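Some notes on the structure that comes next.
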Amino acid sequence: MNRYVRRGSKGIALLDESGGYPRLHYVFDVSDTAPRRNALYPDLWQINESLKEPVRSMLAENYGVHSESFGQQLADVAGKLVQSYRDNNSSDILGIVDGSYFLPNLILNQPRKPLGKYGRLRRTYLMNHRPVLYNTMLLNGSLYRKSGYSKKFLEAHREEITLHKAAKAAFDEAGLQKLPKVKELDAEFAELLTKKKAAYPDYRKARDEMQELVRAQKNVELFFAEDKSNLRPQHTR
């Protein structure tokens with residue numbers, strides 16, 4: 002649609018399993034976007050007043066959500082669905098992002114998390130494709146030491162020093178004394194990727210079985226709901 006997401010906007014993380022392994026895609030509200038040149042403008046739906054009550058009754062019956070405000074009822078239903086999605090998929094989402102060496106997590110005075118296998122992939126990426134950035138992190142760490150850990154130097158290079166400390170922590174955790182060779186990193190990356198793809202069929206099978214159980218549970222609930230409604234006395238005129 003030729004639109005961009007505004008800086009600082011928060012999206013909803015959704016699992017994308019269309020490829021060979023699960024990834025995260027983010028969905029943003031249209032109000033968090035802005036048009037580029039020749040952008041398309043989405044059609045925003047509106048509900049007629051005459052349809053509000055039937056919709057409210059349906060939401061109350063299907064989701065058990067009641068509210069005097071129609072807008073609040075919609076928001077509560079959306080919140081309930083998001084919470085349900087989170088409960089069902091949070092372990093998979095956290096398995097992708099936890100310990101993944103995202104730079105926003107590399108902050109001073111923040112407890113350091115263990116570097117997981119996805120974190121090792123991220124570190125490999127930095128070494129292979131962003132060597133200048135990676136070496137700059139290490140270089141500024143040595144300059145900081147040579148400055149006698151000067152407060153003035155720290156203020157001038159706080160971001161670089163923070164990254165250096167995170168890089169050093171990753172090196173210490175991995176037991177590395179020097180930068181590995183590119184061939185070694187490529188081999189490690191290929192091995193991790195192979196193991197990840199090999200484990201995915203088992204994950205997908207377990208996920209499909211769980212979804213089948215959820216569908217079966219829903220069918221049972223609908224059956225008993227219909228059966229209960231049929232037992233109600235019929236009023237005749």
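Position one of the sequence shown corresponds to residue 2 (this note's numbering), numbered consecutively onward.
In this text, a Cβ means the ideal position worked out from N, Cα and C, and glycines have one as well.
As the structure is a prediction and not an experimental result, all values here were calculated from the model.
What whole-angstrom Cβ distance do residue 4 and residue 36 have, given they're in contact under 8 Å?
Sure, about 5 Å apart at Cβ, within 8 Å.
Start and end of the beta strand (DSSP E) containing residue 6?
4–6
Using the beta-carbon count (16 or more within 10 Å), is residue 73 buried or exposed?
Under the 10 Å beta carbon count, residue 73 is surrounded by fewer than 16 other beta carbons and is classified as exposed.
Taking 8 Å as the threshold (C-beta atoms), are residue 81 and residue 66 in contact?
yes
Tell me the rounded alpha-carbon separation between residue 157 and residue 163.
12 Å
Would you grab the beta carbon distance between residue 33 and residue 56 for me? Rounded to a whole angstrom, and I think it's under 8 Å.
Not confirmed; about 25 Å, so no contact.
If you check the beta carbons only, do residue 27 and residue 14 fall under 8 Å apart?
yes
Report yes if the C-beta distance between residue 90 and residue 16 is below 8 Å; otherwise report no.
yes
For the beta strand (DSSP E) holding residue 41, just list the boundary residues, first then last.
Unbroken run through residue 41: none, as it is neither H nor E.
Just verifying my parser: in three-state terms, what is the DSSP assignment at residue 102?
The predicted position of residue 102 is uncertain, since its pLDDT is 41 and thus under 50; a value taken from the coordinates is nonetheless stated next. Coil at residue 102, not helix or strand.
Helix, strand or coil: which one does DSSP assign to residue 150?
coil
Would you kindly report the start and end of the unbroken beta strand (DSSP E) that includes residue 13?
13–17
How is the alpha helix (DSSP H) around residue 63 delimited, first residue to last?
DSSP places residue 63 in the uninterrupted alpha helix (DSSP H) bounded by 50–64.
Taking residue 86 as the reference, which of 62, 159, 50, 212 has the closest Cα?
212
So, at 6 Å on beta carbons, what are the nonlocal neighbours of residue 217 in its own chain, with the 5 sequence-adjacent residues on each side left out?
By the criterion of a C-beta distance shorter than 6 Å, residue 217 is surrounded by no residue of its chain, once the five residues flanking it on both sides are discounted.
When you compare only the Cα positions, how much space is there between residue 239 and residue 29?
For residue 239 there is no data in the structure shown, the boundaries of the chain being 2 and 238.
Residue 215 bridges to which residues according to DSSP?
Residue 215 pairs with nothing; no bridge assigned.
Going by DSSP in three states, residue 165 sits in which element: helix, strand or coil?
helix
Could you check which residue in 83, 2, 25, 38 has the C-alpha nearest to that of residue 31?
2
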